[in-house]
Amino acid sequence: MERLWFITNPHSGSSDAKKAEAIEAACTERELSFVGRTNFPDEGMPTATDLDQVGADTVVLFAGDGTINAASCALAAWDGSILILPGGTMNMLAKALHSDTDPAAILEAAHEHGRRVALSYVEAGKHRALVGMIVGPAASWYRAREHVREGSLGKIWPAIRAAWRRTFGRGVHLTGAPGFPSRVQGAYIRAQDDHLQIAAVNARDAGAIAGLGWNWVTGDWLAAQAVTEIRAQKLRIAERRPVLALFDGEPQMLDPGTTITVGRSRQQFITTAKEHA
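The opening residue of the sequence shown carries number 21 in the numbering used here; numbering runs sequentially from there.
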C-alpha cells in the first residue's frame with residue numbers, strides 16, 4: 021500500500037470535499053503517493069488498465085455503498101488492493117472490515133498491518149450486492165429516501181404515494197427457499213459466507229406498510245415489524261414481468277426467472293480488524 025488511486029463521491033452521505041482533503045493529507049503524512057483521483061459519478065470509474073499504467077497498488081474508496089459496488093464490479097479482476105473508508109450513510113462494509121470508523125485511523129492501521137480478504141456477495145444475473153439486495157415493491161421506497169437525502173421536499177410526497185400504491189399491490193413471488201411466503205412486499209437478501217440470509221417483508225395492512233415506509237425513509241427498514249428471517253442457498257424470481265431490485269441501493273430491473281445466488285470476490289479487500297466479520 022504505497023501508490024494510491026483515490027475514488028470518492030462528493031454526493032455520498034458523509035464524503036464531502038473537506039473530509040476527502042483530510043484523508044489525502046493523512047496519506048501524504050505517511051508518505052503515500054497519489055497516482056490518480058476519481059470523483060464518481062462525475063468522472064468515469066477507472067479500469068484495471070488505467071491503474072496498472074500508473075503503477076497503482078491500492079484503490080482507496082471514500083464513498084457510499086453504491087459507489088463501492090460500482091468500483092468493486094469494475095475492478096473485480098484487478099490484482100491490486102481495495103481499501104474501503106466510511107464515506108456513506110450506513111457504512112456497513114467499512115464497519116465489517118475495520119474495527120474503527122475514523123478514516124485516518126483506518127488508513128494508519130491499513131498501512132501498518134492491513135491484510136487482504138475475500139467478500140461474499142449476492143449475485144443476480146450480471147449484478148451483485150456486497151452489502152445487500154432488496155427485491156420487490158418495497159424497493160420503490162428508495163426514491164423517497166433519495167429525495168429526503170437531497171432535501172427535495174416537493175418530490176418526497178409524490179414518491180411516498182407511488183411507493184405506497186406499489187407496496188399495496190400483489191407483491192413479489194420468489195421460489196427456492198423452504199418456508200418462504202408465497203408473495204411478499206419485499207425481500208432483503210444478504211450473502212453470509214456460502215448461503216443467503218433473507219428477510220421477507222409481509223406488510224399487508226396500512227399500519228404495517230406505514231411502518232415499513234417510515235423505517236425505509238428514515239433509517240433501516242429491517243426495523244419494521246413485519247419481517248420473517250429465512251436462510252437459503254438460492255432464490256428464483258417467479259414472475260412474468262421484470263421486477264425492481266436494489267443492489268447496494270442502486271436500482272436495476274431483473275428479468276423473470278433470474279436466479280439469485282452467492283458469489284465470492286477475489287482476495288482484494290483490505291481489513292484492519294483482528295477478526296473480519
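Ideal Cβ positions, reconstructed from N, Cα and C, are used throughout, including at glycine. Owing to the predicted nature of the structure, the values given are computational and were not obtained by experimental measurement.
CB-CB length for Ile257 against Pro276, believed under 8 Å: 6 Å
Whole beta strand (DSSP E) elements within the stretch 40 to 97, 3-residue minimum: 53 to 59, 78 to 83
Whether Ala144 touches Leu264 by CB criterion (8 Å): no
Contact with chain D by Lys254, beta-carbon distance below 8 Å: Chain labels in this structure do not include chain D; a single protein chain is all it has.
Minimum length 4: unbroken alpha helix (DSSP H) runs contained in the stretch 89 to 146: 112 to 117, 123 to 133
Residue range of the unbroken beta strand (DSSP E) whose run includes Glu270: 270 to 274
DSSP beta-bridge partners of His18: For residue 18 there is no data in the structure shown, the boundaries of the chain being 21 and 297.
Ser101 beta carbon less than 8 Å from that of Met153: no
Close Cβ partners of Ile250 (< 7 Å) along its chain, the five nearest in sequence each way excluded: Ala197, Gly199, Phe200, Ile218, Ala220
Pair within 8 Å by beta-carbon distance, Val137 and Thr292: no
Ala211 (DSSP reduced to helix, strand or coil): strand
When Asp99, Leu105, Gly84 are compared against Pro61, the one with the closest alpha-carbon: Gly84
Start-to-end residues for the beta strand (DSSP E) that takes in Gly283: 279 to 284
Proximity winner among Lys38, Asp77, Pro30, His31, relative to Ser53 (alpha-carbon distances): Asp77
Neighbourhood of Arg57 by C-beta, 6 Å cutoff - its chain only, sequence neighbours within 5 removed: Phe26
Ser202, buried or exposed, once every other Cβ within 10 Å from all chains shown has been counted against 16: exposed
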